[in-house]
Amino acid sequence: MAKSLVEMCAEIVAAQAGHTRLTSEEIGDSLRQVFRTLQDVQRTGQETEVEESVSRDPQSSIQRNQVICLECGKSFKLLSNRHLALHNLTPREYKQKHGIRMTQALSARTLSQRRRKLAKELGMGKQLAEWRAERKHRPAG
Numbered sequence: 000m001a002k003s004l005v006e007m008c009a010e011i012v013a014a015q016a017g018h019t020r021l022t023s024e025e026i027g028d029s030l031r032q033v034f035r036t037l038q039d040v041q042r043t044g045q046e047t048e049v050e051e052s053v054s055r056d057p058q059s060s061i062q063r064n065q066v067i068c069l070e071c072g073k074s075f076k077l078l079s080n081r082h083l084a085l086h087n088l089t090p091r092e093y094k095q096k097h098g099i100r101m102t103q104a105l106s107a108r109t110l111s112q113r114r115r116k117l118a119k120e121l122g123m124g125k126q127l128a129e130w131r132a133e134r135k136h137r138p139a140g
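If you read the sequence shown in numbering that gives the first Met the number 0, its first letter stands for residue 0, the second for the next number, and so on.
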């Protein structure tokens with residue numbers, strides 16, 4: 000089983016203290032600094048793994064609990080029009096650029112499922128069908 004960051008940090012600082020005399024204050028500072036460094040290394044490793052998998056398949060940027068922006072690499076629950084505008088793109092242009100289906104929502108899968116369930120509970124599909132039928136039979140003008 001892999002060691003936790005805390006365990007690795009403790010081992011590193013213990014080894015350091017075994018070779019160099021450290022005050023209790025220096026040990027505390029060293030623990031904080033090593034822990035932060037390990038977190039950064041872990042985060043960088045995870046980002047690299049995600050970037051590699053996403054670069055192979057843009058569809059994989061849309062995940063269960065997040066969507067990874069293929070322009071900047073940041074993760075969100077939803078890629079909003081406002082965020083895409085920061086990259087000078089519309090949702091349509093973004094999808095075309097990255098080869099994502101036009102019918103694919105730019106939101107985390109859990110968010111899409113929640114919205115779908117709510118729409119069904121509220122009968123929004125039926126309401127939309129009725130509105131379209133009514134609009135179709137209205138006289139022009």
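Backbone N, C-alpha and C fix where the C-beta goes; we use that ideal spot for every residue, glycine too.
Query	Result
Can you find at least 3 beta carbon pairs, one from the segment 32 to 43 and one from the segment 57 to 67, that sit closer than 8 Å?	no
Below 8 Å, how does it come out for the segment 130 to 138 and the segment 78 to 92: are there three or more Cβ pairs, yes or no?	no
Can you give me the Cβ contacts of LEU30 inside the same chain, cut-off strictly under 7 Å, excluding the 5 residues immediately before and after it?	CYS8, VAL12
When you compare each of SER3, LEU4, VAL33, LYS2 to GLN15 by their alpha carbons, which one comes out closest?	VAL33
Could you tell me which of SER79, GLN65, MET123, HIS82 sits nearest to LEU110, measuring between CA atoms?	GLN65
Looking at C-alpha atoms only, which residue of GLY98, LYS116, VAL5, ASP28 is the closest neighbour of GLN38?	VAL5
Per DSSP, LEU77 is paired with what?	SER106
So if DSSP puts ILE61 in a beta bridge, which residue, or which two residues, is it bridged to?	VAL66
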